[in-house]
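Undergrad:
In this note's numbering, the protein residues as written are 4 to 459.
(1) What does DSSP give as the partner residues of residue 204 in its beta bridges?
(2) Looking at residue 128 and residue 255, is the spacing between their C-beta atoms short of 8 Å?
(3) Compute the Euclidean distance between the alpha carbons of residue 400 and residue 293, then round it to the nearest angstrom.
(4) Where do the N-terminal and C-terminal ends of the alpha helix (DSSP H) with residue 245 fall, by residue?
(5) Would you list the one or two residues that DSSP bridges to residue 39?
(6) When you compare only the Cα positions, how much space is there between residue 71 and residue 92?
(7) Exposed or buried, which one is residue 123 when buried takes at least 16 other CB atoms within 10 Å?
(8) Measure the C-alpha to C-alpha separation of residue 387 and residue 9 and round it to an integer number of angstroms.
(9) Output the distance between the C-alpha atoms of residue 355 and residue 233, rounded to the nearest integer angstrom.
(10) If you pair each beta-carbon of the segment 346-355 with each one of the segment 4-18, do three or more pairs fall below 8 Å?
(11) Could you pull out every residue in the same chain whose Cβ sits closer than 7 Å to the Cβ of residue 264, ignoring the five residues on either side in sequence?
(12) As an exercise, report each continuous alpha helix (DSSP H) stretch of at least 4 residues that is fully enclosed by the segment 382-406, in chain order.
(13) Leaving out the 5 sequence neighbours to the left and right, which residues in its chain are closer than 7 Å to residue 405 when beta-carbon positions are compared?
(14) Between residue 320 and residue 347, which are expected to be in contact by the criterion C-beta below 8 Å, what is the C-beta distance as a whole number of angstroms?
(15) Excluding sequence positions up to five away, which residues of its chain have a Cβ less than 6 Å from the Cβ of residue 197?
(16) Within 10 angstroms of the Cβ of residue 251, are there 16 or more other Cβ atoms? Answer buried if so, exposed if not.
(17) Tell me whether the beta-carbon of residue 112 lies closer than 8 Å to the beta-carbon of residue 67.
(18) Would you say the segment 416-436 touches the segment 315-330, given that touching needs at least three Cβ pairs under 8 Å?
(19) Between the beta-carbon of residue 195 and the beta-carbon of residue 74, is there less than 8 Å?
(20) For residue 123, which of helix, strand or coil comes out of DSSP?
(21) The alpha helix (DSSP H) with residue 281 in it runs from where to where?
(22) Considering just the uninterrupted stretch of the alpha helix (DSSP H) at residue 298, what are its terminal residues?
(23) Let me check understanding here. Comparing Cα to Cα, which of 58, 325, 203 lies closest to residue 490?
(24) What does the Cβ neighbour count give for residue 177, buried or exposed, with the cut at 16 atoms within 10 Å?
(25) Roughly how many angstroms lie between the CA atoms of residue 30 and residue 182, to the nearest whole one?
(26) Just the C-alpha distance for residue 237 and residue 144, rounded to the nearest angstrom, thanks.
(27) Taking only the alpha-carbon atoms, compute the straight-line gap between residue 119 and residue 299 and give it to the nearest angstrom.
(28) Under a Cβ-count criterion, where at least 16 other Cβ atoms within 10 Å of its own Cβ denotes burial, should residue 286 be classed as buried or exposed?
(29) Using the rule of at least 16 other Cβ atoms within 10 Å of the residue's Cβ for burial, across every protein chain shown, is residue 239 buried or exposed?
(30) Distance, Cα to Cα, residue 472 vs residue 426?
(31) Are the CB atoms of residue 438 and residue 412 nearer to each other than 8 Å?
(32) If we ignore side chains and look at the alpha-carbon of each, how far apart do residue 433 and residue 277 end up?
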């Protein structure tokens, strides 16, 4: 089954054909680790986690890199504010990011390059750009000469004058052209810095990803991914410097960009006070529901976050897990779980997760109706491709029970059972009411009584 992916560079959906089918390479721009990330930052990692799962089904070896930007002005500011080295900040929030992504069911990347571990490669790339006439040193800075690269602007589709206005670039006196961007800049004594041919300093943001990508994956990669907000200037600049540093080689054959997450129809921003941190949301909502919400819209389109949307995601998962709970006694077939063809077909069509979720819902309905081992396996196998339905129904329905005394609940259920056996229905109803006050919902069936925690 062929995979088709939209390419932001060509503005067309194209059949995916890697340079080397034995080694498929993908790079995702990761976080700048100076604080906790918000839920909008998680959309790309969730979406491209699904893409990595799909690619691994089709190719024997996929190398997926997601970087850590651990030197940047916001990191410097945070370190100065706390009076600590930048590593205190970056170590703290790198681990927090890993924990947040794991909480959302995102598999770790194969490679997690750090910018500070690639200073040598960054300096070498800058030297190559200077030697080839694509960069110049000025007042302790090194800048990329935009006019030296005729294809600059091809990704964003705008001319240089529009790009200058859109980027709000700094018009510094040492620049030949206002659009020239920084590859290296000087560091004052209180800032992190490394020795270089141009003095003690630190890299610009864009050159970091180009150097890490080349060092870990090669000079030409198959897929470069990130949020649409990175398309310009970050990805535009990556293309320019990488192409010029590597003698005109194509940098990335596919460019993929996920749309932004909005909050009740408005852009998430600190100034509006509507930034929702993954760190906090994981405490408030079932993590799997957060993942489902992020997959409900097509990855290239904007996606709106709302309380109603998360409630719908929880309700949807309740229904699917209810099917699996009813089929707990149905033994799965031996061997690898199947991935239903219609689900895979949806994802092969430019990662159409809304259609894949619709197919998953039909699989749940089918499993509910016929209750066979094959139907159950198809539901779980289809969910696995999206990173859903991989926990036991018991764990799903007993989520968030840290404040629930399970022994007390079980004792009350035993008392209720005895009361019903003695036909003391008033006592049995009183116990049910007490369980309700504790936030417990019970369900009587032929197999006995099941209980779960009420969760909004």
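Note that CB positions come from ideal geometry on N, CA and C, so glycine has one too.
Given the structure is predicted, the values throughout are model-derived calculations rather than measurements.
TA: In short:
(1) 189, 197
(2) No. Outside cutoff.
(3) 16 Å
(4) 239-248
(5) None; residue 39 has no bridge partner.
(6) 13 Å
(7) exposed
(8) Distance between the alpha carbons of residue 387 and residue 9 is about 24 Å.
(9) If I take the Cα positions, the gap works out to 22 Å.
(10) These segments touch.
(11) 42, 43, 46, 271, 306, 308
(12) 396-400
(13) Confidence is the limiting factor: at residue 405 the pLDDT is only 49, short of 50, which leaves the residue's position unreliable, though a coordinate-based value still follows. Contacts found: none.
(14) So it is not a contact: roughly 21 Å between Cβ atoms.
(15) 122
(16) exposed
(17) yes
(18) No, the segment 416-436 does not touch the segment 315-330.
(19) yes
(20) Three-state result, residue 123: helix.
(21) It spans 281-287 - the alpha helix (DSSP H) in which residue 281 sits, taken as one unbroken run.
(22) 290-298
(23) This structure gives no information on residue 490, because the portion of the chain shown stretches from 4 to 459.
(24) Classification for residue 177: exposed.
(25) 26 Å
(26) 18 Å
(27) Distance between the alpha carbons of residue 119 and residue 299: 36 Å.
(28) Under this definition residue 286 is an exposed residue.
(29) buried
(30) Because the chain in this structure spans residues 4 to 459, residue 472 falls outside the shown range and cannot be described.
(31) yes
(32) 43 Å
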